[in-house]
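For reference, the structure is listed below as structure tokens.
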């Protein structure tokens, strides 16, 4: 898996594929898309908490980047150029339904508190373990939406994907110092609310994903037979981390980070379809001369 957020990422491969793509090589362009699709999709998924919106945004970003490919002069690394386009597009895109429904941390946690608690037997917990995990992922993903878009982007890149702060600053057009400050503020906001209200961080809090399971199913919020977030993945985000934060939960900060890094690195529902639609876009076909 080519993780573009690694410090030792092979930028030359991107450069070679870009040159071939500009020359009309369809296979090279497809390989370029595949190298970055997984990460752009997951960034979109965490920004929107919507599979459909994440797929649309992924396609929109690639079409925007490919149509501007001839303007890429190589003054910066391709990944920096591509992810700057990605970040700007995501921050300025229309809000997803989940974003529109999420006002702030207080309203979000109050809504969770209003979901009835039910005790599950050990047998039921075993049978519903994938659904319980779905609720955990969905609930914590919703917490990200309580951050404003800029904070959310910094947190996803800097904390979840463990992005080198220098690269993160370049992508976001910030100084390294500003990137660190924004990341620190996002961490603080998330931690303070989770420490006060979430049982995953503070065991003295009453909220537990397992207690909410039956109510979430009954309300149709979660469908055990059609999981949206705990599905279609080979790795979890922490496995891509430079520091493998899941193994060093010695502090509260590490614990908070590990909760989000345990999210799956999901494959798009229509991976092949996204690539095909990009390559069959009339403007892209014109650029490729096909």
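In our numbering, the protein residues as written are 7 to 296.
No residue lacks a Cβ here, since even glycine has one placed at the ideal position from N, Cα and C.
Source: prediction; values computed, not measured.
Chain-order list of residues whose beta-carbon lies under 6 Å from that of residue i (same chain, five-residue window excluded)
| i | result |
| --- | --- |
| residue 254 | In this prediction, residue 254 has a pLDDT of 48, which is less than 50 and means its spatial position is unreliable; what the coordinates show is noted afterwards. Excluding residues within five positions, the ones whose Cβ falls inside 6 Å are 260. |
| residue 157 | 192 |
| residue 199 | 111 |
| residue 145 | none |
| residue 143 | 235, 236, 269 |
Three-way DSSP call (helix, strand, coil) for residue i in this model
| i | result |
| --- | --- |
| residue 15 | coil |
| residue 275 | coil |
| residue 85 | helix |
| residue 241 | strand |
| residue 213 | coil |
| residue 24 | helix |
| residue 207 | coil |
Within 8 Å, strictly: CB atoms of residue i and residue j
| i | j | result |
| --- | --- | --- |
| residue 151 | residue 105 | yes |
| residue 271 | residue 233 | no |
| residue 180 | residue 165 | no |
| residue 294 | residue 30 | yes |
| residue 11 | residue 167 | yes |
| residue 95 | residue 49 | no |
Cutoff 7 Å; reference residue i; Cβ partners in own chain excluding five residues on either side
| i | result |
| --- | --- |
| residue 91 | 67, 70, 71 |
| residue 203 | 115, 211, 213 |
| residue 103 | 56 |
Beta-carbon proximity list for residue i, same chain, < 8 Å, skipping 5 on both sides
| i | result |
| --- | --- |
| residue 117 | none |
| residue 184 | 175 |
Candidates the options, of which the one nearest residue i by Cα
| i | options | result |
| --- | --- | --- |
| residue 127 | 225, 219, 266, 195 | 219 |
| residue 172 | 159, 74, 162, 186 | 186 |
| residue 314 | 43, 73, 21, 78 | A question about residue 314 goes unanswered here, because the residues of the chain that appear run from 7 up to 296. |
| residue 262 | 239, 196, 231, 241 | 196 |
| residue 86 | 125, 46, 279 | 46 |
| residue 120 | 97, 241, 240, 222 | 222 |
| residue 224 | 55, 137, 243, 207 | 137 |
| residue 101 | 56, 139, 129 | 56 |
| residue 280 | 65, 14, 25 | 65 |
Any non-hydrogen atom of the ligand COA within 7 Å of residue i CB
| i | result |
| --- | --- |
| residue 143 | Questions concerning the ligand COA fall outside what the structure shown contains, since it holds no ligand whatsoever. |
Neighbour flag for residue i against chain B, beta carbons, 8 Å
| i | result |
| --- | --- |
| residue 239 | Among the chains in the structure shown there is no chain B, since it carries only a single protein chain. |
Residue(s) in a DSSP beta bridge with residue i
| i | result |
| --- | --- |
| residue 270 | 242 |
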